[in-house]
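> What follows is a structure written as structure tokens; I'll ask about it next.
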Amino acid sequence: MEATSSPTESGPGDMPEPELAVVRMRSLDESQSPSIRSDGSGCRKSSLYVYGDGQFSITLKHYDSIVSEVKCPGCAEPMDGPITMCGTGHSICAVCRAKRGTCPLCGDRVTELRNYTLEAIVSKVQFPCKNSAKGCAVRLPLQLLRWHKERCGYKLIECFMGKVWGACGWHGCERDWMNHCLEAHAEHVYQDPTVELRWEFGGEANQRASELQLVVAYHVLRAYGETFNLY
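Per the UniProt record's numbering: the sequence shown ends with 231, consecutive numbering throughout.
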């Protein structure tokens, strides 16, 4: 932190002007700072925020240690309001309070007393996605993180082609599924904006199969930079 003062003329009865403090902050990558090290268990690259002359800094690892403090001791999930406390002072999430009614740390009864300070902190914390170990770098407030969970490209899925056409046991990240379809199910992937498909239901065998299966055919159409499901 660098401080500069602005001299002013003051009379005998005047109060001195307060000094103007100027704080400069810069952001560095891990590779630019010899004070930051990473191992195989950590991120390949983390942000380093340096204040002033570098005497105070915050790393992503440090931030994550703060995030871990707002997780419920009962379920290890981020605590969402209302957050209540036991008689000893430990905090517990609403789900665990409804399930057990006692503190998972000391066994004391959970009271109606809410921890408003912790609720305010949780509302401002940006939590990492549960798929961060697979490569997802998204960090969002808790409410938005629930929305992201269903749309994360790194979540594990099974091949829907295999469920319809059979003979496919692929499972992996959703973002890799299209490449798998192009390699293993190219006959069901169309990359032309106009396509004509026909479903044959004739014959007793096909009729029985269609009655037992909700989706009898499935194709993927890629056009105009989008992917469309046809079934």
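Ideal Cβ placement from N, Cα and C applies to all residues, glycine included.
A quick note: this is a predicted structure, and the numbers were derived from the prediction, not measured.
Pairing CB atoms from the segment 191-200 with CB atoms from the segment 163-174, are three or more of them under 8 angstroms?
no
> Starting from Thr-88, trace the beta strand (DSSP E) in both directions and tell me its first and last residue.
Note, Thr-88: premise wrong, no beta strand (DSSP E); not H, not E.
> From this set, Tyr-154, Phe-160, Tyr-116, which residue's C-alpha is nearest Pro-128's C-alpha?
When only C-alpha atoms are compared, the closest one is Tyr-154.
> Using 10 angstroms around the beta-carbon of Leu-156, count the other beta-carbons present and answer buried if the total reaches 16, otherwise exposed.
exposed
> Use the C-beta contact count for Met-79: other C-beta atoms within 10 angstroms, 16 or more gives buried, fewer gives exposed.
Met-79 is buried by the Cβ-count criterion.
> Could you give the residue range of the beta strand (DSSP E) that holds Gly-81?
No beta strand (DSSP E) contains Gly-81, which DSSP labels as neither H nor E.
> Taking only the alpha-carbon atoms, compute the straight-line gap between Glu-69 and His-148 and give it to the nearest angstrom.
22 angstroms
> Buried or exposed: His-219, going by 16 or more other Cβ atoms within 10 Å of its Cβ?
buried
> For the segment 82-95 and the segment 104-114, state whether three or more C-beta atom pairs, one from each stretch, are separated by less than 8 angstroms.
yes
> According to DSSP, is Thr-194 helix, strand or coil?
If DSSP states are grouped into helix, strand and coil, Thr-194 belongs with coil.
> Identify whether Ala-133 lies in helix, strand or coil by the three-state DSSP scheme.
helix
> How long is the line joining the alpha carbons of Val-67 and Ala-98, rounded to whole angstroms?
23 angstroms
> Which word fits Thr-227, buried or exposed, when buried means at least 16 other C-beta atoms lie within 10 angstroms of its C-beta?
exposed
> Can you check which of these residues, Tyr-63, Glu-119, His-62, is closest to Cys-72 by C-alpha distance?
It is Glu-119 whose Cα lies nearest to the Cα of Cys-72.
> Out of Leu-60, Gln-191, Asn-229, which has the shortest C-alpha to C-alpha gap to Val-125?
Residue nearest to Val-125 within the set Leu-60, Gln-191, Asn-229 is Leu-60 (criterion: CA-CA distance).
> Can you tell which of Met-161, Pro-193, Ser-132 has the C-alpha that lies nearest to the C-alpha of Ala-184?
Met-161
> According to the Cβ coordinates, are Cys-159 and His-171 closer than 8 angstroms?
yes
> By how many angstroms is the C-alpha of Glu-150 removed from the C-alpha of Asn-131?
11 angstroms
> Take Ala-94 and list the residues in its own chain whose beta-carbon comes closer than 6 angstroms to its own, dropping the five residues that flank it on each side.
Counting only Cβ-Cβ distances below 6 angstroms, and skipping sequence neighbours, we find Pro-82.
> Out of Tyr-224, Leu-145, Val-216, Gly-101, state which residue places its alpha-carbon closest to the alpha-carbon of Thr-84.
The candidate whose alpha carbon is nearest that of Thr-84 is Gly-101.
> Can you tell me where the alpha helix (DSSP H) with Ala-167 in it begins and where it stops?
Per DSSP, Ala-167 belongs to no alpha helix (DSSP H) and is neither H nor E.
> Only counting the same chain, and skipping five residues up and downstream in sequence, which positions put a Cβ closer than 7 angstroms to that of Arg-175?
Gly-153, Tyr-154
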